[in-house]
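Participant:
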Amino acid sequence: MPVFHTKTIESILEPVAQQISKLVILHDDADNGNLMPDLSLPVQVVQQAADNLIRVGHETCTNSDDSLLKRELPLALIRVEEACKSLQEASVTLKSDPKSPFGKRKLIEGERGILQGVSAILLSFDESEVRKIVHLCKQVIEYLFITELIEKMDDLVTYVKNLTPVLTRMTREVDAREKELTHQEHRNKLVQHLEQVKSLTPSFISSIKIYLLTLASFQQNDSQEKQVLFCIQDSKDFLIKRINYEIKEIIRILQLTSYDEDEWA
Amino acid sequence: EQILEAAKSVTNAAGVLIKAATTAQKELV
Chain Z
-13 MPVFHTKTIE
-3 SILEPVAQQI
7 SKLVILHDDA
17 DNGNLMPDLS
27 LPVQVVQQAA
37 DNLIRVGHET
47 CTNSDDSLLK
57 RELPLALIRV
67 EEACKSLQEA
77 SVTLKSDPKS
87 PFGKRKLIEG
97 ERGILQGVSA
107 ILLSFDESEV
117 RKIVHLCKQV
127 IEYLFITELI
137 EKMDDLVTYV
147 KNLTPVLTRM
157 TREVDAREKE
167 LTHQEHRNKL
177 VQHLEQVKSL
187 TPSFISSIKI
197 YLLTLASFQQ
207 NDSQEKQVLF
217 CIQDSKDFLI
227 KRINYEIKEI
237 IRILQLTSYD
247 EDEWA
Chain S
44 EQILEAAKSV
54 TNAAGVLIKA
64 ATTAQKELV
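Chains Z and S are the protein sequences, given in the same order. Once you know that position 253 of the first sequence is 239 in my numbering, the rest is easy, because the numbers rise by one and skip nothing. Once you know that position 21 of the second sequence is 64 in my numbering, the rest is easy, because the numbers rise by one and skip nothing.
#1: Compare the C-beta of residue 175 of chain Z with all C-beta atoms of chain S and state if any pair is closer than 8 Å.
#2: Distance, Cα to Cα, residue 60 of chain Z vs residue 74 of chain Z?
#3: Do residue 76 of chain Z and residue 99 of chain Z count as a contact pair if the criterion is CB distance below 8 Å?
#4: If we count the other Cβ atoms within 10 Å of its Cβ and call it buried at 16 or more, is residue 29 of chain Z buried or exposed?
#5: What do you reckon, are the CB atoms on residue 109 of chain Z and residue 49 of chain S nearer than 8 Å?
#6: If you measure between the beta carbons of residue 166 of chain Z and residue -6 of chain Z, is that distance less than 8 Å?
#7: Does residue -6 of chain Z come within less than 8 Å of chain S when only Cβ atoms are used?
#8: Let's see if you can read the secondary structure: which residues bound the alpha helix (DSSP H) around residue 157 of chain Z?
#9: Could you spell out the range, first to last residue, of the alpha helix (DSSP H) harbouring residue 225 of chain Z?
#10: Could you confirm whether any beta carbon from chain Z is found closer than 8 Å to the beta carbon of residue 52 of chain S?
#11: Would you give the residue range spanned by the alpha helix (DSSP H) that residue 132 of chain Z belongs to?
#12: Taking only the alpha-carbon atoms, compute the straight-line gap between residue 34 of chain Z and residue 89 of chain Z and give it to the nearest angstrom.
#13: I'd like to confirm the pairing. Which residues does DSSP put opposite residue -6 of chain Z in its beta bridges?
#14: May I ask you to list, following chain order, the residues of the region 80 to 97 of chain Z that have a beta carbon less than 8 Å from some beta carbon of chain S?
#15: Give the straight-line distance between the Cα atoms of residue 146 of chain Z and residue 136 of chain Z, rounded to the nearest whole angstrom.
#16: Step through the CB atoms of chain S and report whether any lies within less than 8 Å of the CB of residue 133 of chain Z.
#17: Using C-beta distances below 8 Å, list every residue in its chain close to residue 185 of chain Z, excluding the 5 sequence neighbours before and after it, in chain order.
#18: Under a three-way DSSP split, which group does residue 49 of chain Z fall into?
#19: In chain B, which residues lie with their C-beta within 9 Å of the C-beta of residue 111 of chain Z?
#20: Hey, is residue 253 of chain Z's beta-carbon within less than 8 Å of any beta-carbon in chain S?
#21: Run down chain S in chain order and give the residues with a C-beta less than 8 Å from the C-beta of residue 149 of chain Z.
#22: Quick check on residue 20 of chain Z: does DSSP put it in helix, strand or coil?
#23: Mapping the DSSP letters down to three states, classify residue 44 of chain S as helix, strand or coil.
#24: Using C-beta distances below 8 Å, list every residue in its chain close to residue 179 of chain Z, excluding the 5 sequence neighbours before and after it, in chain order.
#25: Would you identify the three-state DSSP class for residue 37 of chain Z, choosing helix, strand or coil?
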């Protein structure tokens, strides 16, 4: 089971996460009396990078219309800010007393804080990106349920013209997301459901077309034609339900993380 | 995205800091 659910998050956090465990092992006994080097310069570099991240994070919030991101991201940025304070404290303390157990503990605390803060920022941002894809999926679902408004061929042309770009974008985004995931099971499921949507959509459009053609030649008194019309209507509704189900499954999987093991139990 | 690059810079810098601290410790242990 991968620890990080996307390749991007994994590439950013995995190296430092491994190093932190080394630091913890070495400092397991903070009173070991070993001397620490002057860490002012590397701590300063972390501080500068963190300042930049905090600035970019606030800009991201300002430019986003995602209310959840606007609420969660600043909290994660504060965690990074707090972690930097611990690192600064560690640096000052260890400079005056290179054996200081307090300084060493502050160093570990700061490093852990950086990892947790950056992790929270990445998760918050990632969830916001997922919400954008989910929004696209929901737009496609909305389109599925307005077929009742299609009364003639011109309407169908307009319908297809409007649906195509949203559906294409949804497909592209889900496809890209699938490649980003580290969890193989989630990836497989996304591929399966997306393939279903792709293969069902032409049949769905055809069913509307056949329905309209049949409706155009419909004789009020012909019971046999009436029967055929009902069958076509049923087939169209069945396809709508199927595509709706597939997209809802895509949404569900998009919102899963590696930690949602119970979902797959 | 800018935020991902900025986050990467922070973890890289944090990695360098850990290396500086642990290398010195290893030498002394």
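In this text, a Cβ means the ideal position worked out from N, Cα and C, and glycines have one as well. As the structure is a prediction and not an experimental result, all values here were calculated from the model.
Facilitator: Let's see:
#1: Residue 175 of chain Z sits at position 189 when you count from the first residue of the first sequence. It does not; no Cβ of chain S falls within 8 Å.
#2: For this step, residue 60 of chain Z is matched to residue 74 along the first sequence. For this step, residue 74 of chain Z is matched to residue 88 along the first sequence. Their backbone Cα atoms lie some 21 Å apart in a straight line.
#3: Taking the first residue of the first sequence as 1, we reach residue 99 of chain Z at position 113. Taking the first residue of the first sequence as 1, we reach residue 76 of chain Z at position 90. No, Cβ-Cβ distance for residue 99 of chain Z and residue 76 of chain Z is not below 8 Å.
#4: Counting from 1 along the first sequence, the entry for residue 29 of chain Z is found at position 43. Its Cβ being crowded by 16 or more others within 10 Å, residue 29 of chain Z is buried.
#5: Mapped onto the first sequence, residue 109 of chain Z falls at position 123. Mapped onto the second sequence, residue 49 of chain S falls at position 6. Against a cut-off of 8 Å, the Cβ pair of residue 49 of chain S and residue 109 of chain Z comes out as no contact.
#6: Locating residue 166 of chain Z in the first sequence gives position 180, counting from the first residue. Locating residue -6 of chain Z in the first sequence gives position 8, counting from the first residue. Their beta carbons are under 8 Å apart, which means residue 166 of chain Z touches residue -6 of chain Z by this criterion.
#7: Numbered from 1 along the first sequence, position 8 holds the residue referred to as residue -6 of chain Z. Residue -6 of chain Z counts as touching chain S.
#8: Position 171 of the first sequence, counting from 1, holds the residue named residue 157 of chain Z. Taken as a continuous stretch (DSSP letters only), the alpha helix (DSSP H) holding residue 157 of chain Z covers 139 to 166.
#9: Start at 1 with the first residue of the first sequence, and residue 225 of chain Z comes out as number 239. Here the alpha helix (DSSP H) through residue 225 of chain Z covers 209 to 240.
#10: Within the second sequence, the letter at position 9 stands for residue 52 of chain S. Yes, contact with chain Z.
#11: In the first sequence, residue 132 of chain Z corresponds to position 146, counting from 1. Note, residue 132 of chain Z: premise wrong, no alpha helix (DSSP H); not H, not E.
#12: Indexing the first sequence from 1 puts residue 34 of chain Z at position 48. Indexing the first sequence from 1 puts residue 89 of chain Z at position 103. Their Cα atoms are separated by approximately 21 Å.
#13: Within the first sequence, the letter at position 8 stands for residue -6 of chain Z. Note: residue -6 of chain Z sits in no beta bridge, so no partner.
#14: 93, 97
#15: To locate residue 146 of chain Z, count along the first sequence from 1; it is residue 160. To locate residue 136 of chain Z, count along the first sequence from 1; it is residue 150. Near 11 Å, if we compare the C-alpha coordinates of residue 136 of chain Z and residue 146 of chain Z.
#16: As a working mapping, residue 133 of chain Z is identified with position 147 in the first sequence. Chain S, which has no Cβ nearer than 8 Å to the Cβ of residue 133 of chain Z, makes this no.
#17: Your numbering for residue 185 of chain Z matches position 199 in the first sequence. If we look at residue 185 of chain Z and ignore the five residues flanking it on each side, it has no Cβ neighbours.
#18: Residue 49 of chain Z sits at position 63 when you count from the first residue of the first sequence. Three-state DSSP puts residue 49 of chain Z in a helix.
#19: The chain labelled as chain B is not found among the protein chains of the depicted structure, namely Z and S.
#20: An answer regarding residue 253 of chain Z cannot be provided, because it is not within the stretch -13 to 251 covered by chain Z.
#21: For this step, residue 149 of chain Z is matched to residue 163 along the first sequence. What residue 149 of chain Z touches in chain S: nothing, since even the nearest Cβ is about 29 Å away.
#22: Walking along the first sequence from the start, residue 20 of chain Z turns up at place 34. Coil, per DSSP.
#23: Walking along the second sequence from the start, residue 44 of chain S turns up at place 1. Coil.
#24: For the purposes of this step, residue 179 of chain Z is taken as residue 193 along the first sequence, with counting starting at 1. Once the five neighbours on either side are set aside, the close Cβ partners of residue 179 of chain Z are 232, 233, 235, 236, 239.
#25: The residue given as residue 37 of chain Z occupies position 51 in the first sequence. In the structure shown, residue 37 of chain Z sits in a helix (DSSP, three-state: H, G or I).
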